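One structure is given below, encoded as structure tokens.
Number of protein chains: 2
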Amino acid sequence: MNTTENITIVLNNPKYPGNIGSAARCAKNMGIESLFVVVHEYPDMEEMKKRATHVASDIVENMRYFYRLDEALSGFNYIVGTTSRLGSARGPVIQPREMAKQIADISQNNRVAILFGPEDAGLNNDELKYCHLLVTIPTSDELKSINLSHAVMILCYEIFTARTPSPNRFTPKLATSFELEGMYDHLKEMLVKINYINPENPDYWMTNIRRFLSRTKLFSKEAQIIRGICRKVERSIENKKA
Amino acid sequence: MNTTENITIVLNNPKYPGNIGSAARCAKNMGIESLFVVVHEYPDMEEMKKRATHVASDIVENMRYFYRLDEALSGFNYIVGTTSRLGSARGPVIQPREMAKQIADISQNNRVAILFGPEDAGLNNDELKYCHLLVTIPTSDELKSINLSHAVMILCYEIFTARTPSPNRFTPKLATSFELEGMYDHLKEMLVKINYINPENPDYWMTNIRRFLSRTKLFSKEAQIIRGICRKVERSIENKKA
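So the protein lines, in turn, are chains A and B.
Per our numbering, residue 66 is the first one in the first sequence, and the count goes up by one each step.
Per our numbering, residue 66 is the first one in the second sequence, and the count goes up by one each step.
Right under this line is the structure:
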């Protein structure tokens, strides 16, 4: 069992079906497939599916409904509560990144619920008492209220990235030093031919060019492009002379 | 001028006014106040404001409209393009966290645009050519398509958290070692009195109790609560004896 299979998003009394569907899409974007809702009336299925999009509609279809929060949470080993209000009565509150680190470990062997309150009021103290850990999303003081599905996205994103270590998804192959030196030699010859640099002290001028080209971290293909340009310039000069 | 004043969200041909409003709210949540849109028709103001909520409606009102992408981008020193498609033709693509680190530095002295394509197609190669840096949000392979405003939220959140170093927003005062040892002594006496632990070797049994209590990182107030319980137990025993 991998870690995401052990993670469930639990929405306590969400008011808008659109937010539930949107939360389902966010969860699926980040590899989380399990969604529980605590509601007193069934939310509009069409509205939920519209916002979930076709691909995440299975999450909405398989979503489990509960009438009471304690019933929804009863099968979990570890419960993370989300809150935007901070105070000594609430105990320690950590940020999403730190939460994700802890969850990556705990979810290996435990069922974890990430619990969100209703859009307007959030979780109250009576609901937060079920939680082993409280998390708050840092915001600007100007607007602290985050839309429910966007809060779900940030926590799911942090959980997902905590599990995928690679900082870069794709970097093409950089040019080798051999390729680069060949390119610089070619460039130098060409720049001398077009009288851009002094043939008596070409390396002095090349230093400046090397400096900015090395900062750009050239790829093999790009080194070839530069040599191709040099060849074209040289041929143009030869043709002119001829 | 602080860094967020130098950062602008640029939406290229967004299809849904609701997404523009929602993106405005996300930007404001994360301290970014500037929003540009490239559109051929003015989007519905009411729909945008509804999703922006009252507090972020100023961003929608002050939003700048452009007919062409190159016009929208002309005043920026550094442009970050978002893409979900990876390939060697697109060059190196980094993840949001790494992007945020770079932006935190660059935005000190430069105007930075974070550019997003339309909901369905994203940015094409012709539009990406303006970008100094490409960023992709990591997703599950099951559903790579992220809603526009949620993509805006993730990048704004990363930019915001890169600027606010504190990992914990609020941690109440932990109990001092003096308070804890007083509590453990009190607890030990009480546990001996109630015959829970052997009075000849109490520390052996206390080790297990200390182990789990120390893992919970007790606060001063909580240490006092435990001593209060001990006192109550002791008084109950004395009253019984009397």
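For every residue, glycine included, the Cβ atom is placed at its ideal position computed from N, Cα and C.
None of these values were measured; they are calculated from a predicted model.
- Nearest CB-CB separation between I219 (chain B) and chain A: below the 8 Å threshold.
- Distance from the CA atom of N174 (chain B) to the CA atom of Q167 (chain B), rounded to whole angstroms, is 12 Å.
- The region 105 to 114 of chain B makes no contact with the region 202 to 214 of chain B, as fewer than three CB pairs between them are under 8 Å.
- Secondary structure in the region 141 to 211 of chain B: the beta strand (DSSP E) runs of 3 residues or longer, each lying completely within the stretch, are 143 to 147, 177 to 181 and 198 to 200 in chain order.
- Around A240 (chain B), the same chain offers M248, L283, F284, S285, E287 and A288 as residues with beta carbons nearer than 8 Å, after the five sequence neighbours per side are excluded.
- With a threshold of 8 Å between beta carbons, K93 (chain B) makes contact with chain A.
- When the beta-carbon positions are compared, T204 (chain B) and M164 (chain A) stay at least 8 Å from each other.
- Residues of chain B with a Cβ closer than 7 Å to the Cβ of Y222 (chain A) are, in chain order, I219.
- A check of alpha carbon separations from L245 (chain A) across A:G140, A:S279 and A:T118 identifies A:S279 as the nearest.
- For V125 (chain B), the secondary structure class from DSSP, reduced to helix, strand or coil, is helix.
- Taking the C-beta atoms as reference points, A137 (chain B) is found nearer than 8 Å to V75 (chain B).
- An exposed status is given to I302 (chain A), since fewer than 16 other beta-carbon atoms sit within 10 Å of its beta-carbon.
- Per DSSP, the unbroken beta strand (DSSP E) holding V103 (chain B) starts and ends at S99 to V103.
- Contact check for T147 (chain A) against F181 (chain A) passes: the beta carbons are separated by less than 8 Å.
- Y130 (chain B) is bridged by DSSP to B:V102.
- With fewer than 16 other Cβ atoms from the protein chains shown falling within 10 Å of its own Cβ, H119 (chain A) counts as exposed.
- Counted as a single uninterrupted DSSP element, the beta strand (DSSP E) harbouring I74 (chain A) occupies residues I72 to N77.
- Those residues of the region 102 to 117 of chain A placed with their C-beta closer than 9 Å to a C-beta in chain B are R116, ordered along the chain.
- Spatial neighbours of V158 (chain A) in its own chain (CB-CB distance under 6 Å, excluding positions within 5 residues in sequence) are listed in chain order as L151, L199 and T201.
- At a cut-off of 8 Å between C-beta atoms, R276 (chain B) does not count as an interface residue with respect to chain A.
- Using a Cβ-Cβ cut-off of 8 Å, P203 (chain A) counts as an interface residue toward chain B, since at least one Cβ of chain B sits closer than that to its own.
- The CB of N212 (chain B) comes closer than 9 Å to the CB of S87, R90, C91, N94, R116, T118, S214 and M218 in chain A, given here in chain order.
- Its chain contains M255 as the residues whose beta carbon lies nearer than 6 Å to that of V298 (chain A), once the 5 sequence neighbours on both sides are disregarded; these appear in chain order.
- Nearest in C-alpha terms to I274 (chain A), of all of A:V145, A:A178 and A:L252, is A:L252.
- Close CB contacts of K114 (chain B) within its chain, under the 7 Å cut and outside five residues either way in sequence, are with G86, S122 and V125 (chain order).
- No Cβ of chain A is located within less than 8 Å of the beta carbon of F181 (chain B).
- Taking 8 Å as the cut-off, the beta carbon of W270 (chain B) is found no closer than this to the beta carbon of I259 (chain B).
- Residue environment: I290 (chain B) is assigned as exposed (fewer than 16 neighbouring CB atoms within 10 Å of its CB, all protein chains considered).
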